[in-house]
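Residue numbers (our numbering): 23 to 125.
Contents: one structure, followed by commentary.
Put into structure tokens, the structure is as follows:
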């Protein structure tokens, strides 16, 4: 299974749930997480997608450490199920911003 086979279904599901989703590229740097997801009920989450069983590179690990130290939520996900849980999408596709949960 390829990384995109995990990433694209998660992106589609998050967008259906009202998330702001963008692919991330930082000119001159190679260790940015793949995507940023944001929703009023969930906040902002960065996800690095990997093929099953693959791990982040040393430079990605260091960048993620710095981002977390700055208070950002950064996750490395190698399955659709894992990313869906990170985004709180496991029980539905609509988020109630007042209750900060899925409905």
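The beta carbon of each residue, even a glycine, is placed where N, CA and C say it ideally should be.
Below 8 Å on the Cβ atoms is my guess for residue 57 versus residue 33; work out the distance and round it to an integer in Å. Contact flag correct, Cβ pair sits at about 7 Å.
Closest Cα partner of residue 25 within the set 109, 112, 99 and 108
Comparing Cα positions, the closest option is 99.
Limits of the unbroken beta strand (DSSP E) element including residue 95: 95-99 is the extent of the beta strand (DSSP E) around residue 95.
For residue 104 and residue 112, I'd like the C-alpha separation in whole angstroms. Residue 112 has its alpha-carbon roughly 9 Å from the corresponding atom of residue 104.
### Message
Only counting the same chain, and skipping five residues up and downstream in sequence, which positions put a Cβ closer than 7 Å to that of residue 89?
### Response
Cβ-Cβ distances below 7 Å link residue 89 to 68 and 96 in the same chain, with the five nearest sequence neighbours on each side left out; the list follows chain order.
Per-residue DSSP class, three states only, for residue 64:
Reduced to three states, the DSSP call for residue 64 is coil.
From the DSSP output, in three-state form, read off residue 38 for me. The answer is helix: DSSP assigns residue 38 an H, G or I state.
First and last residue of the alpha helix (DSSP H) that includes residue 103?
Residue 103: member of the alpha helix (DSSP H) spanning 102-108, first to last residue.
Quick check: what's the CA-CA separation for residue 44 versus residue 55? Their backbone Cα atoms lie some 11 Å apart in a straight line.
Query - Where residue 73 falls, given that 16 or more other Cβ within 10 Å makes a residue buried - result: Counting C-beta atoms within 10 angstroms of its own C-beta, residue 73 has fewer than 16 neighbours from the protein chains shown and is therefore classed as exposed.
- residue 85 - containing alpha helix (DSSP H), residue span: Per DSSP, residue 85 belongs to the alpha helix (DSSP H) from 80-91.
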